[in-house]
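Undergrad:
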Amino acid sequence: MSASRLLELIDLWRVADQRTDAEAARRIGISRATLSLMRTNGVKALPNRSTLEGIAATISLPYTAVLVAALRDAGYLDHQFIMIPAEENQAKPT
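Whatever position you read off the sequence shown (first residue = 1), add 96 for the numbering used here.
#1: So, with DSSP's three-state summary, where would you put Asp117?
#2: Going straight from the alpha carbon of Ile124 to that of Leu173, what length do you get?
#3: State the Cα-Cα distance for the pair Leu157 and Glu149, rounded to the nearest angstrom.
#4: Measure the CB-CB distance between Pro106 and Ala129 and report whether it falls below 8 angstroms.
#5: Report the option in Val164, Lys140 and Ile151 whose CA atom is closest to the CA atom of Trp109.
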């Protein structure tokens, strides 16, 4: 089984922000057991939209980036490159 791209995104945020799995799960809006199952079994099915939105909000990435990772993990998207809509690909003014 290849590494989950969705879990890689969560872990990049979790490690950088020094958060535990329990804290990550709480912020995302899922149980720690659900996150643990994702780690053990992989992401074999597309998580529901509210979970993906929770992940995107928690790790501060666009929803489309999280959706693409989940689609790849679940086997719905197998090519390496996709186009991201221009409005999400542009830097936001600070």
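Glycine included, C-beta positions come from ideal geometry on N, C-alpha and C. All figures in this text were calculated on a predicted structure; none of them were measured in a lab.
TA: Short version:
#1: helix
#2: 23 angstroms
#3: 10 angstroms
#4: The amino acid at residue 106 is misidentified as Pro; the sequence shows Ile. No.
#5: Ile151
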